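Protein chains: 2
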Amino acid sequence: MPTQHYRTENYLARNSVGYLLKRAHSQLADQLEPALEARGFTFTQWVILMHLRDGLALNARVLCTQLRHDSGALTRVIDQLEARDLVSRERSRKDRREVQLQLTPAGRATVEAAIPAVVERLNLALGGFSAAELEALTRLLTKLTGMLEALGTEQGAAQREAHSAGSQP
Amino acid sequence: MPTQHYRTENYLARNSVGYLLKRAHSQLADQLEPALEARGFTFTQWVILMHLRDGLALNARVLCTQLRHDSGALTRVIDQLEARDLVSRERSRKDRREVQLQLTPAGRATVEAAIPAVVERLNLALGGFSAAELEALTRLLTKLTGMLEALGTEQGAAQREAHSAGSQP
DNA sequence: GTGATATCTCTGCCGAAGCAGTAACTGTTG
DNA sequence: CAACAGTTACTGCTTCGGCAGAGATATCAC
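Residue numbers (our numbering), protein chains in the order written: chain H, 1405 to 1573; chain X, 1405 to 1573.
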């Protein structure tokens, strides 16, 4: 039996984590937008560029799972970034289904140039937090995404089981 | 000078609060979806219904600011809920611009009936958290949204100042 | 090796959200 | 009271993300 964090009797919208997450993300995005919009980026584009810069994703599939973004939609975002000569595509030789992505020199320069403004906005937005609070929030969010990640793959596996079953009772 | 939580030199995508918030919200929404989809609700619809149930919003404007949802989009969501006879609209007599919203009896019953399944899913998703951790996360997120809310209105006010200025040096 | 299945990217389509402009209404100011 | 600015809800247009399916490639079973 899982921990009873919420109960039917006292479940309220305003306390619910889901609501708070959505709200916080939306507000924070609004705070960062000016810094990004000035450079012609959306939040999604920015995160993609940062992931490529940090070497966290080398192809579209990893980006999709990391950002939880639809693969079709991602294709189009990459199209835009490629058209602006910020990202390059290249077929992998090992696995020719895969398309390897990387920042072009121009892309890298653009990202690096934009970081200070983003960092400044971010610090401004988080000004009311102590270092300990931000550290705690980051830790809890990281743990949460890890938990949900595990739960998701677990459920996915169970679903595949059920799908390929029907034989053994 | 604001606290320097992040620095240009060590700013990484995977640690950034914005990214974590987006990711966590998306994953959590996926966990709740089955419980909502079974009743024919989207996450947005659900939050709206819950806010109406809790008396947190009595008209569209408050809902928009609370949920940070576009007013045009909200109109259409309310249209759907009204068509399903879950929510009722009524012109306010005090201020005839305003449309007062409330759950119909059927709407209230539907929401109440769905809560247990949602709560169960939520508890399952948060199973890895201790009570203290969830409490801490909720507190930090609430504080964050409060901070960003204040920052937003402050900037809005400043913008209005600048707009109506141009006279005094 | 051949056939079946899975994976990776991309395309077309649809629904939802954001933006801009509009109409109705309120309150304020001269 | 009359002109004006500010609110509130709504409508059309555009953009973006999610879904389903296609095509190419890889992997596994036999």
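For glycine and all other residues, C-beta sits at the position ideal for the given N, C-alpha and C. If you're wondering where the values come from, they're calculated on a predicted model, not measured in any experiment.
Exposure label - residue i; buried when at least 16 CB within 10 Å
i                  : result
Ser-1347 (chain X) : There is no way to answer for residue 1347 (chain X), as the model of chain X reaches only from 1405 to 1573.
Ala-1535 (chain H) : exposed
Gly-1476 (chain H) : exposed
Pro-1573 (chain H) : Low per-residue confidence applies at Pro-1573 (chain H): pLDDT is 32, beneath 50, and the placement is therefore not dependable, though the value from the model is reported in the following sentence. With fewer than 16 other Cβ atoms within 10 Å, it is exposed.
Leu-1552 (chain X) : buried
Gly-1422 (chain X) : buried
Ala-1518 (chain H) : buried
Ala-1562 (chain H) : exposed
Val-1481 (chain H) : buried
Gly-1570 (chain X) : Below a pLDDT of 50, predicted positions are generally treated as unreliable, and Gly-1570 (chain X), at 40, falls in that range; no measurement from the model is reported.
Val-1451 (chain H) : buried
8 Å Cβ cutoff met for residue i and residue j
i                  : j                  : result
Leu-1478 (chain X) : Ala-1461 (chain X) : no
Arg-1493 (chain X) : Leu-1507 (chain X) : no
Tyr-1410 (chain X) : Leu-1528 (chain H) : no
Leu-1485 (chain H) : Gln-1449 (chain H) : yes
Leu-1545 (chain H) : Leu-1424 (chain X) : yes
Thr-1407 (chain X) : Gly-1531 (chain H) : yes
Closer than 7 Å: residue i CB and nearest the ligand MN heavy atom
i                  : result
Ala-1536 (chain X) : With respect to small molecules bound, the structure shown includes none, and the ligand MN cannot be examined in it.
Assumed close pair residue i, residue j - CB separation to whole angstroms, cut-off 8 Å
i                  : j                  : result
Ala-1442 (chain H) : Val-1522 (chain H) : Incorrect: roughly 10 Å between the Cβ atoms, too far for contact.
Leu-1490 (chain H) : Gly-1511 (chain H) : 3 Å
Arg-1543 (chain H) : Arg-1472 (chain X) : At roughly 26 Å, the Cβ-Cβ gap does not stay under 8 Å, so Arg-1543 (chain H) and Arg-1472 (chain X) are not in contact.
Thr-1412 (chain H) : Pro-1520 (chain X) : 5 Å
Ala-1540 (chain H) : Ala-1540 (chain X) : 6 Å
I'd like the ranges of any beta strand (DSSP E) spanning at least 3 consecutive residues and lying wholly in the segment 1449-1506 of chain H.
1491-1495, all fully within the segment 1449-1506 of chain H.
Completely contained alpha helix (DSSP H) runs for the segment 1528-1558 of chain H, where each covers 4 or more residues
With a minimum length of 4 residues, there is no unbroken run of alpha helix (DSSP H) contained wholly in the segment 1528-1558 of chain H.
Inter-stretch contact (C-beta, 8 Å, three-pair minimum) for the segment 1548-1557 of chain H and the segment 1429-1442 of chain X
In short, these stretches touch, since the Cβ pair count reaches three.
Three Cβ pairs or more, each shorter than 8 Å: is that satisfied between the segment 1453-1460 of chain X and the segment 1415-1430 of chain H?
Segments in contact, yes.
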